[in-house]
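Add 108 to a position in the sequence shown, counting from 1, and you land on the number used in the working numbering. Every residue, glycine too, gets a C-beta built ideally from N, C-alpha and C. Scroll down for the structure; my scribbles are underneath it.
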Amino acid sequence: MTAAPTPDRLDLRAFLPGYLALAVIWGASFLFIKVGIRELHPLYLTLFRVGTGALTLLVVLAVTRVRLPRDPRLWAHMAVAGGIGVALPFTLFGFGEQRISSVLAGIWNATTPLVALPLAVLLFRTERLTARGAVGIGIGFAGVLTVLGVWQGVGGSQLTGQLMCFGAAACYGFAIPYMKRFVASRSESGVALSAAQLLAATVLLALVTPLLVGAPPAPTSLSLDVIGSVLALGALGTGLAFVISMRNIRLAGASTASTVTYLIPIAATAIGVLALDERLSWYQPVGAVIVLAGVAVSQGLLTRRRAVSRASEPMPRPAQQASY
């Protein structure tokens with residue numbers, strides 16, 4: 109969770125494989141959600157996914173001999189971040205994908221920075237709203253309306269599913285500035301903090317899910333496809349992906365590593381079309397491009413690139429997106 113300066117020279121041979129792998133892993137997560145909800149309630153899919161991810165990071169901590177945080181106040185913040193930044197959005201994506209394609213869910217995930225910026229400005233006071241940021245949010249909002257296809261009327265389960273996925277992105281948008289405000293300055297390692305967040309989310313889900321849904325399904329009643337999807341979501345998309353992300357930040361700096369955000373909807377689209385034969389209306393990918401353009405403007409990506417070409421100063425760290 110600490111800022112990483114941009115290296116003077118980027119070793120593409122070391123950086124690019126992990127960078128592309130992360131885009132594919134997080135892009136494929138929407139496919140695995142689609143498969144998992146065939147036989148699992150979205151809440152149980154989230155519980156099993158988060159529990160597997162927590163276990164994966166605990167193994168990483170054991171191997172690297174890093175301890176979990178011990179401060180009770182930090183664990184209280186992890187409970188908030190785990191509930192709003194993990195449990196709720198993962199579940200909303202599950203409910204959303206019962207109504208829309210995995211491709212469309214991946215597109216909505218890209219709206220996270222557009223929500224994070226105004227919340228960081230208005231609620232947490234960790235950022236300042238510049239003219240550039242306001243323009244970027246406006247462009248992104250136009251992209252949202254394009255994805256929805258508002259000119260032809262919206263309604264029904266498709267709209268409900270899209271709003272659920274947008275709600276999931278809004279949860280990420282809340283969690284990012286919350287973590288920056290209350291957690292980012294901590295001295296604990298990023299893996300330890302992430303493991304704590306997943307553990308807190310697992311406990312919350314374990315308490316709430318049986319009360320709302322009933323007893324979990326027997327493992328023997330699940331198909332191998334669903335079991336494999338849960339393991340992939342947890343071990344890869346929610347566990348090891350974080351370790352890869354941290355490595356990318358060390359190799360290239362936070363700003364360069366965060367541009368994986370722009371590849372995730374592309375990966376989700378390609379995987380959904382090839383693996384599930386899903387289809388999009390023409391305006392949905394067009395809207396996705398507009399959304400990503402708004403994100404790029406709001407984060408000052410183009411301006412930052414020009415500045416780097418003129419000077420080799422470390423770049424400021426943008427809000428890190430919790431993409432899964």
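Approximately 6 Å separates the beta-carbon atoms of P221 and Q407; this is inside 8 Å, confirming the contact. Going by DSSP, A239 is part of the alpha helix (DSSP H) stretching over A239 to L256. Distances from the alpha-carbon of T164 to those of A360, L344 and A404 put L344 closest.
Across the set L118, M287 and F274, the C-alpha of M287 shows the shortest separation from the C-alpha of T234.
Counting the other CB atoms within 10 Å of its CB gives P285 a total of 16 or more, which places it among the buried residues. The segment 323 to 335 and the segment 142 to 151 touch, with no fewer than 3 CB-CB distances between them shorter than 8 Å. Under the three-state reduction of DSSP output, F140 falls in the helix class. In the three-state scheme derived from DSSP, where H, G and I count as helix and E and B as strand, F232 is classed as coil. Look at V316 here: in three-state DSSP terms it is helix.
Burial of Q305 is indicated by the presence of at least 16 other C-beta atoms within 10 angstroms of its C-beta. Secondary structure of Q206 (DSSP, three-state): coil.
For A396, the uninterrupted alpha helix (DSSP H) run begins and ends at Y391 to S406, by DSSP.
Closest option to G161, judged by alpha-carbon separation, among L315, A303 and V368: A303. In chain order, V158, G159 and A162 place their CB closer than 6 Å to the CB of T310, counting only its own chain and leaving out the 5 sequence neighbours on each side.
Take the alpha-carbon of L225 and the one of I192: they are about 17 Å apart.
With distances taken between CA atoms, F274 lies nearest to G202 out of P327, A131 and G202. For P325, no alpha helix (DSSP H) encloses it, and the DSSP letter there is neither H nor E. For V194, there is no enclosing alpha helix (DSSP H), as DSSP gives it neither H nor E.
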